[in-house]
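First the structure, in the form of structure tokens, and then the observations on it.
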Amino acid sequence: MSGDETTTTKEAQGPASAPPPAPAAPSTPPANGTAQPAKADAGDAAPMSNPYAKEGAASAEVFVAEGAKKRKKKPVEIAIRLTKVTKRFGVKTAVDGVSLKVKAGSVYGLIGPNGAGKTTTFSMMAGFLQPTEGVLEVLGYSPMQVDELRSRIGVLPQDALLPGADKVGQFLVHMAQLQDIPTDACEEAARAVLAEVDGRDWWDVKCGSLSHGMAKRVQLAQALIGDPEVVLLDEPTAGLDPRVAYEVRQLIKSRKGRCTLIVSSHNLAELEEICDGAAILDRGRLVASGSMNELTASSEEIRIKLSPGPAPVSLVRDLPMVKRLEWDEERRELVVYFERGQGVDAEQVIGAVLWVLLQNQARISAVSKGRGLEQRVMELTD
Amino acid sequence: MSPFSEVRFVAQRELRKSFRSAKGIVLLVLSLLGGTAVTLLLAWVQQLKREKLANVTPEAMESAREDAMTQAFGDPATGKLLSHTPEVLLAVFFITIWLTPLLISLLGFDNVSGDMQHKTVRYWTLRTRRASYMVGKWLGLWTTVSAITLTMHAVIWVVCIVRGEAPAATAISWGVRLWLITLPISAVWCGISTFVSSIFKTPILALLATFAVFFVLWVTFLIGLRFNVDALTYAYPNTYDSFLINARIDKWMTGLAACIGMTALYVGASSFMFTKRDL
Chain A
2 MSGDETTTTK
12 EAQGPASAPP
22 PAPAAPSTPP
32 ANGTAQPAKA
42 DAGDAAPMSN
52 PYAKEGAASA
62 EVFVAEGAKK
72 RKKKPVEIAI
82 RLTKVTKRFG
92 VKTAVDGVSL
102 KVKAGSVYGL
112 IGPNGAGKTT
122 TFSMMAGFLQ
132 PTEGVLEVLG
142 YSPMQVDELR
152 SRIGVLPQDA
162 LLPGADKVGQ
172 FLVHMAQLQD
182 IPTDACEEAA
192 RAVLAEVDGR
202 DWWDVKCGSL
212 SHGMAKRVQL
222 AQALIGDPEV
232 VLLDEPTAGL
242 DPRVAYEVRQ
252 LIKSRKGRCT
262 LIVSSHNLAE
272 LEEICDGAAI
282 LDRGRLVASG
292 SMNELTASSE
302 EIRIKLSPGP
312 APVSLVRDLP
322 MVKRLEWDEE
332 RRELVVYFER
342 GQGVDAEQVI
352 GAVLWVLLQN
362 QARISAVSKG
372 RGLEQRVMEL
382 TD
Chain B
19 MSPFSEVRFV
29 AQRELRKSFR
39 SAKGIVLLVL
49 SLLGGTAVTL
59 LLAWVQQLKR
69 EKLANVTPEA
79 MESAREDAMT
89 QAFGDPATGK
99 LLSHTPEVLL
109 AVFFITIWLT
119 PLLISLLGFD
129 NVSGDMQHKT
139 VRYWTLRTRR
149 ASYMVGKWLG
159 LWTTVSAITL
169 TMHAVIWVVC
179 IVRGEAPAAT
189 AISWGVRLWL
199 ITLPISAVWC
209 GISTFVSSIF
219 KTPILALLAT
229 FAVFFVLWVT
239 FLIGLRFNVD
249 ALTYAYPNTY
259 DSFLINARID
269 KWMTGLAACI
279 GMTALYVGAS
289 SFMFTKRDL
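Note that the protein sequences, when read in sequence, are chains A and B. According to our numbering, the first sequence holds residues 2 to 383 in order. According to our numbering, the second sequence holds residues 19 to 297 in order.
And the structure:
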């Protein structure tokens, strides 16, 4: 996501010889709407449409666990649906009337500070916790309907330890057996998924002897075994060293388009990178949800960082598509707001603004669309 | 997947885990050593008794045993039946029945609580019905306990045969019968242990609670005996050993039905609670 939408230029200098891009029809259709802060009753506040869902991945029926015994599956457009879901622990309300829809085939993030209700929401999706009020459906079933969801949902719980006495291979084969994978295919499925997490050599290692990073990858392997249609990942890279975290991220990315992925994480950069859309929770309430473009306002503003030197701010302000402009002298950051639609999109605005800046000897150090997920979350949460 | 398959997979894993864990192996070895020691002790006592009663004819001896058994079980048919049982086997049977709760509490206290402590149980609840998980845990524990007691009984049969306490055919036929009688009773104890274990998320608390519950049941039984309140004795699973060893079919059926009912009650209650709770 951010890889596609954010461009960083190292010290681009002097006027460019190339002309500015000619105004043209946008190559990609603009998003249908911006993310709206959710009202207290999130049931009617959360935007339910998911324009970010990939074509061809609209139906969860297309994903059939390889090797799994034939099961009649109900085709679904919406992989996960929460309707006014509330969870109370005694007097404490952990999740308060959250409504969400996650389209089949998308990668969706659950975002929020500590105590926001991410893990509680996640645990309800996985069937570990039961909602106090409201309705929660995964692939059209209650998460407690294990037989209907067996092998169709994979979960990486955040703090569930692996059984220490089991060997990795034994554990994965046992999990495969319980997923109704034919007995003679269980070992093959387990070895394949262990290879996918780069753990071929751990087959005979006891789960209790694994390092944190290795255990996390085995946990991920059990979540991915049998190629489930919905994969829930709670803090998949928490506590991992940067290299392993990167590898896990790549693994998650490789699953994009093959299944619906729900990722709960504090790592906003990671979520911005891998998610198509997200829900932002704060104190148990849904404060915003939508596509990543909508949440980061990447189709409404661009940010340009300038190195010391000329800053032709007034010339940029005079551009016809510019609605408003902010210039932070101290940070040397230019924020350009524009009205999308009517033949104007972020790419055209970037082209026009850069042309003006380069013509006037401005030294550009970075260009990005939107305000970044981190900033958006900071704005929406206390 | 049917619930039976789920139960089978969970129970198989439980069995494998028990016999590969240090706890399982230590308890097996201790059971074998204890069983052998008790058998040797009882055989020695028997030998002393035989030496003392050397002038008593075998017929008179059998008659005396029959009278004693009839008095103990309140039924002449049972008295007659048990008078043919090798004494050592019968004594060991009652000792093992009495000690089985200890073995079960040590084997089963972390049966479910161990998985709940660090939320390991979550890997199973995604893939099995919660009731199946609970029944599988109970079945795994019961099978483990049954296998350990069978091994212990087998050692006792061998000791019995080698020391000439009974002919091989008698020792084995009675041995197997007595071992089979332990099964319904240990099933109830395993049910209680699984129930208690499923309530706690901390294994050490589950162990203490299991000991406490077993002790309370035993005290209740003693109170029932002392004050002739039969209803109190029925809560104690070992009460049913005298039913299951009985020659009368109605008594035997009552004992078996009571054990099955109590097991179903405890396993059902733990399954119900487990299904309703957050994990």
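Ideal Cβ positions, reconstructed from N, Cα and C, are used throughout, including at glycine.
Within 10 angstroms of the beta-carbon of B:Lys35 lie 16 or more other beta-carbons, which makes it buried. Contact between A:Leu252 and A:Ala117 is absent: CB atoms are separated by about 26 Å, not below the 8 Å threshold.
Under the rule that a run must span 4 or more residues, the alpha helix (DSSP H) segments found entirely inside the stretch 56–128 of chain B read 76–91, 94–100 and 105–126. Less than 9 Å separates the beta-carbon of A:Arg192 from that of A:Trp204. For A:Asn268, the CB contacts under 7 Å within the same chain, skipping 5 residues up- and downstream, are Thr238 in chain order. The continuous stretches of alpha helix (DSSP H) do not include A:Glu134, which lies in the beta strand (DSSP E) extending over residues Glu134 to Val139. Residue range Ile79 to Phe90 is occupied by the beta strand (DSSP E) that includes A:Thr84. In the same chain as A:Leu137, and ignoring 5 residues on each side of it, the C-beta atoms closer than 6 Å to its own belong to Leu83, Val86 and Met125, in chain order.
For the C-beta of B:Leu297, the chain A residues within less than 7 Å are, from N- to C-terminus, Phe129.
Positions of the beta strand (DSSP E) runs, each at least 3 residues long and wholly inside the stretch 287–346 of chain A, are given as 302–307, 323–329 and 334–339 in order along the chain.
Membership of A:Ile112 in the beta strand (DSSP E) is indicated by the continuous run Val108 to Ile112.
Sequence-distant partners of B:Ser289 (beyond 5 residues in either direction) whose C-beta falls short of 6 Å from its own C-beta, in its chain, are Ala149 and Met152. In this chain, the beta strand (DSSP E) harbouring A:Lys104 covers Lys93 to Lys104. From the listed residues B:Val47, B:Asp128, B:Ala282 and B:Phe292, the smallest Cα separation to B:Glu32 is found for B:Asp128. When the alpha-carbon of A:Gly278 is set against those of A:Gly285, A:Arg284 and A:Thr261, the nearest one is in A:Thr261. Among the residues facing chain B, A:Pro313 is not included, as its CB has no counterpart in that chain under 9 Å away. The alpha-carbon of B:Lys294 is positioned some 15 Å away from that of B:Leu144.
If you compare the alpha carbons of A:Asp235, A:Leu163 and A:Ala246 with that of A:Ser266, the shortest gap goes to A:Asp235.
By alpha-carbon distance to A:Gly128, the top candidate from A:Val108, A:Gly110, A:Arg151 and A:Gly106 is A:Arg151. A straight line joining the alpha-carbon of B:Val106 with that of B:Gly193 spans about 10 Å. Look at the beta carbons and you see the stretch 206–214 of chain A touching the stretch 240–250 of chain A: at least three pairs across the two are nearer than 8 Å.
A:Leu163 carries a coil assignment under DSSP once its states are collapsed to helix, strand and coil.
The beta-bridge partner set that DSSP reports for A:Tyr142 consists of A:Val139. Counting along the chain, B:Thr143 sits inside the alpha helix (DSSP H) bounded by residues Arg140 to Thr143.
Exposure of A:Thr184 is indicated by the presence of fewer than 16 other C-beta atoms within 10 angstroms of its C-beta.
The way I'd put it, the stretch 365–375 of chain A does touch the stretch 293–308 of chain A; three or more beta-carbon pairs between them come closer than 8 Å.
At a cut-off of 9 Å between C-beta atoms, B:Thr143 counts as an interface residue with respect to chain A. The Cβ of B:Val130 sits no closer than 9 Å to any Cβ of chain A.
Annotation: A:Ala312 to A:Asn361 spans about 8 Å, alpha carbon to alpha carbon. At a cut-off of 9 Å between beta-carbon atoms, B:Val139 makes contact with chain A.
Apart from the 5 residues on each side of it in sequence, B:Leu121 sits with its Cβ closer than 7 Å to the Cβ of Leu45, Ser49, Val163 and Ile166 in its chain, given in chain order.
No Cβ-Cβ contact shorter than 9 Å links B:Gly209 with B:Trp142.
B:Val206 is the residue among B:Val206, B:Phe232 and B:Ala109 whose C-alpha sits nearest the C-alpha of B:Ala276. For B:Phe27, the chain A residues whose C-beta falls within less than 8 Å of its own C-beta are His175, Gln178 and Leu179, listed in chain order. Around the CB of B:His171, 16 or more other CB atoms lie within 10 Å, so the residue is classed as buried. In the three-state scheme derived from DSSP, where H, G and I count as helix and E and B as strand, B:Thr251 is classed as helix.
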